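Colleague: Just passing along the structure, written as structure tokens.
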């Protein structure tokens, strides 16, 4: 490990004012790096250029266009400007949170002799499946993409064993595991608000919450299907949705057409207000099948609220005994909700909080610094609450066989240019977004 302070330059795409989990993770990790004595610098896209010093370190915003059909996500497309900035910053370490449009930075880091890591915030296979690719096509395409990613960076950081599998499947040997975390002081059961509950569920209904981006890969329509399934079984239930995205209009239309008791709050900027919702709900839903960790679900657990999540995602690994998983359709989610509610409320809330306590941000920061081979100042970052220690990468051999990389390089130029959001899947017009008819319940 390096023995002194490091300038850790972090680059992230697909960040917007209404971003959720990624923005939370970037903020918490930056603050942790700063507390450990390092110099974090974050580069993100925005409407206009800015350079600020914040609680997570220096944050540099470069102008970047909005990606159509994503509900406001911006991307860094000016490679020349970003190259000049990287050269000016002269990082000791590079950390990239985008495996597609920013993969070229891995080659920049190699030429500059800067150790670089890519953080896998989503599973390529899972996202491709939500876009409608068949199992075999999604797997082969994901393998090609992941081969290129593993070749481009010194390290690939995965936050769960589930997320790690798609890289181990291709023989990548530069993968380390480091969990994300939750602020246990910011999210706690004491945030539960009886007055809020009285407003949202005035007749004592079961109160469900979903905190998610309303986009295809999150499968938010499953939550509507869940409400319909519960009501068909005679359950009195209401759903509150915190989050925005390109599917919001269609989802609201479906809820109105079916007369489902769903409240759409949009993006909730006030973290105290969001925490109150998470703590007040009886259960939270996390239907996204491509989640590699699920920060919103972990925040719900910290608030003492159990979670029903997609069995296709990594969340079963995160939830442990504090929640349950279900197949990716409303009937299965409704059955899982009913099963979870059979547990006594005090027991299920205590289990949720106890599970969240295994995932504090200090342990997450230490895991990421280990991935950077950065020195952790003794006492600055606690090891308490570590769920998994990252496995050191094996550097004695190339991370990916050369023949496989050559195949990937020749097979993917067109697909690579189209990622991460093909226009055919997420057209700009909200009315054309693909919400399946089955979402109608």
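Residue numbers (the numbering used here): 1 to 441. Each residue gets a CB set at the ideal place from its N, CA and C atoms; glycine is no exception. As the structure is a computational prediction, the values presented were derived from the model and not from experiment.
1. Helix, strand or coil for residue 28, going by three-state DSSP, please let me know.
2. Quick check: the region 314 to 321 against the region 338 to 350, are at least 3 beta-carbon pairs closer than 8 Å?
3. What does the Cβ neighbour count give for residue 294, buried or exposed, with the cut at 16 atoms within 10 Å?
4. Counting only beta-carbon separations shorter than 7 Å, does residue 329 have a partner in chain D?
5. Around the Cβ of residue 104, are there at least 16 other Cβ atoms within 10 angstroms (buried) or fewer (exposed)?
6. Give the single residue among 202, 41 and 158 whose Cα lies nearest to the Cα of residue 89.
7. So residue 97 and residue 12 are supposed to be a Cβ contact under 8 Å. How far apart are they, rounded?
8. Between residue 43 and the rest of its own chain, which residues show a CB-CB distance below 6 Å, the 5 nearest in sequence each way excluded?
9. From the DSSP output, in three-state form, read off residue 202 for me.
10. Tell me the rounded alpha-carbon separation between residue 53 and residue 337.
11. Nearest to residue 175 by alpha carbon, out of 185, 163, 181 and 212?
12. Would you say residue 284 and residue 243 are within 7 Å of each other, going by their C-beta atoms?
13. What are the residues that DSSP puts in a beta bridge with residue 216?
14. Along the chain, where does the alpha helix (DSSP H) that runs through residue 333 open and close?
15. Going straight from the alpha carbon of residue 275 to that of residue 267, what length do you get?
16. Thinking C-alpha only, which one of 100, 132, 65 and 94 is nearest residue 49?
17. Going by DSSP, what residues sit across from residue 8 in a beta bridge?
18. Quick one: give me the first and last residue of the beta strand (DSSP E) that residue 263 is part of.
19. Identify which residue in 282, 136 and 76 has its Cα closest to the Cα of residue 236.
20. So residue 180 and residue 214 are supposed to be a Cβ contact under 8 Å. How far apart are they, rounded?
21. Could you give the uninterrupted runs of the alpha helix (DSSP H) lying entirely in the region 273 to 336, keeping only those of 4 residues or more?
22. Quick one: grab the DSSP three-state call for residue 15.
23. Helix, strand or coil for residue 65, going by three-state DSSP, please let me know.
24. Assign residue 306 to buried or exposed, taking buried as 16 or more other Cβ atoms, counted over all protein chains shown, within 10 Å of its Cβ.
25. Give me, in chain order, the residues of the same chain whose beta-carbon lies closer than 6 Å to that of residue 372; leave out the 5 immediate sequence neighbours on both sides.
26. State the Cα-Cα distance for the pair residue 67 and residue 203, rounded to the nearest angstrom.
27. Mapping DSSP to helix, strand and coil, what is residue 20?
28. Short of 7 Å in beta carbon distance, which residues of its chain neighbour residue 167, apart from the five on each side in sequence? Order them along the chain.
29. Does residue 378 come out as helix, strand or coil in the three-state DSSP assignment?
30. Secondary structure at residue 45, three-state DSSP: helix, strand or coil?
31. Give the straight-line distance between the Cα atoms of residue 339 and residue 207, rounded to the nearest whole angstrom.
32. Can you tell me which of 226, 83 and 365 puts its alpha carbon nearest to the alpha carbon of residue 112?
33. Kindly give me the distance between the Cβ atoms of residue 311 and residue 296, rounded to whole angstroms, as I take these residues to be in contact under 8 Å.
34. Pull up the distance between the alpha-carbon of residue 238 and that of residue 135, whole angstroms please.
35. Starting from residue 347, trace the alpha helix (DSSP H) in both directions and tell me its first and last residue.
Modeller: For this structure:
1. Here residue 28 corresponds to residue number 28 of the chain shown, with the count starting at 1. Reduced to three states, the DSSP call for residue 28 is helix.
2. no
3. Here residue 294 refers to the residue found at position 294 of the chain shown. Residue 294 comes out buried.
4. This model lacks chain D altogether, as it is built from one protein chain only.
5. What you label residue 104 is simply residue 104 of the chain shown in a count that begins at 1. Exposed, by the Cβ-count rule.
6. Within the chain shown, residue 89 is the residue found at index 89, counting from 1. Closest option to residue 89, Cα to Cα, is 41.
7. Here residue 97 refers to the residue found at position 97 when the chain shown is read from its first residue. Here residue 12 refers to the residue found at position 12 when the chain shown is read from its first residue. Confirmed, about 4 Å.
8. Residue numbering aside, residue 43 sits at position 43 when the chain shown is read from its first letter. Taken in chain order, the residues that qualify are 11 and 60.
9. Reading the chain shown from its first residue, position 202 is the one you call residue 202. Correct three-state label for residue 202: coil.
10. In the chain shown, residue 53 corresponds to position 53, counting from 1. In the chain shown, residue 337 corresponds to position 337, counting from 1. Distance between the alpha carbons of residue 53 and residue 337 is about 44 Å.
11. Taking the chain shown and counting its residues from 1, one reaches residue 175 at position 175. It is 163 whose Cα lies nearest to the Cα of residue 175.
12. As a position in the chain shown, residue 284 is number 284, starting the count at 1. As a position in the chain shown, residue 243 is number 243, starting the count at 1. Not in contact: residue 284 and residue 243 (Cβ atoms no closer than 7 Å).
13. Taking the first residue of the chain shown as position 1, residue 216 is located at position 216. Answer is none; residue 216 lacks a bridge partner.
14. The residue you call residue 333 lines up with position 333 of the chain shown. 330 to 341 is the span of the alpha helix (DSSP H), which, as asked, contains residue 333.
15. Reading the chain shown from its first residue, position 275 is the one you call residue 275. Reading the chain shown from its first residue, position 267 is the one you call residue 267. So the two alpha carbons sit approximately 13 Å from each other.
16. Translated into the one-based positions of the chain shown, residue 49 becomes position 49. Measuring from the Cα of residue 49, the nearest candidate turns out to be 65.
17. The count along the chain shown starts at 1 and reaches residue 8 at position 8. In DSSP, residue 8 forms a bridge with 40 and 93.
18. Taking the first residue of the chain shown as position 1, residue 263 is located at position 263. It spans 262 to 266 - the beta strand (DSSP E) in which residue 263 sits, taken as one unbroken run.
19. Mapped onto the chain shown, residue 236 falls at position 236. Answer by Cα proximity: 282.
20. Stepping through the chain shown from its first residue, residue 180 is reached at position 180. Stepping through the chain shown from its first residue, residue 214 is reached at position 214. Contact flag wrong, Cβ pair sits at about 22 Å.
21. 295 to 302 and 315 to 319
22. Here residue 15 is taken as the residue at index 15 of the chain shown, counted from 1. Residue 15 falls in the strand class under three-state DSSP.
23. Here residue 65 is taken as the residue at index 65 of the chain shown, counted from 1. Here residue 65 sits in coil by DSSP.
24. By 1-based counting over the chain shown, the position of residue 306 is 306. Classification of residue 306: buried, given that the 10 Å Cβ count is 16 or more.
25. Within the chain shown, residue 372 is the residue found at index 372, counting from 1. Hits under 6 Å: 93.
26. What you label residue 67 is simply residue 67 of the chain shown in a count that begins at 1. What you label residue 203 is simply residue 203 of the chain shown in a count that begins at 1. Computed Cα separation, rounded: 42 Å.
27. As a position in the chain shown, residue 20 is number 20, starting the count at 1. It is coil, neither helix nor strand.
28. In the chain shown, counting from the first residue as 1, residue 167 sits at position 167. Hits under 7 Å: 146, 150, 156, 158 and 175.
29. Here residue 378 corresponds to residue number 378 of the chain shown, with the count starting at 1. Bear in mind that the predicted position of residue 378 carries a pLDDT of just 27, short of 50, making it too unreliable to give a figure here.
30. Counting from one through the chain shown, the residue named residue 45 turns up at place 45. Residue 45: strand per DSSP, three-state reduction.
31. Locating residue 339 in the chain shown gives position 339, where the first residue counts as 1. Locating residue 207 in the chain shown gives position 207, where the first residue counts as 1. Taking the straight line joining both Cα atoms gives about 15 Å.
32. Residue numbering aside, residue 112 sits at position 112 when the chain shown is read from its first letter. Nearest C-alpha to residue 112: 83.
33. The residue given as residue 311 occupies position 311 in the chain shown. The residue given as residue 296 occupies position 296 in the chain shown. The pair is not a contact, with the Cβ atoms about 17 Å apart (cut-off 8 Å).
34. Reading the chain shown from its first residue, position 238 is the one you call residue 238. Reading the chain shown from its first residue, position 135 is the one you call residue 135. Cα-Cα distance, rounded: 34 Å.
35. The residue given as residue 347 occupies position 347 in the chain shown. That run of the alpha helix (DSSP H) goes 345 to 356.
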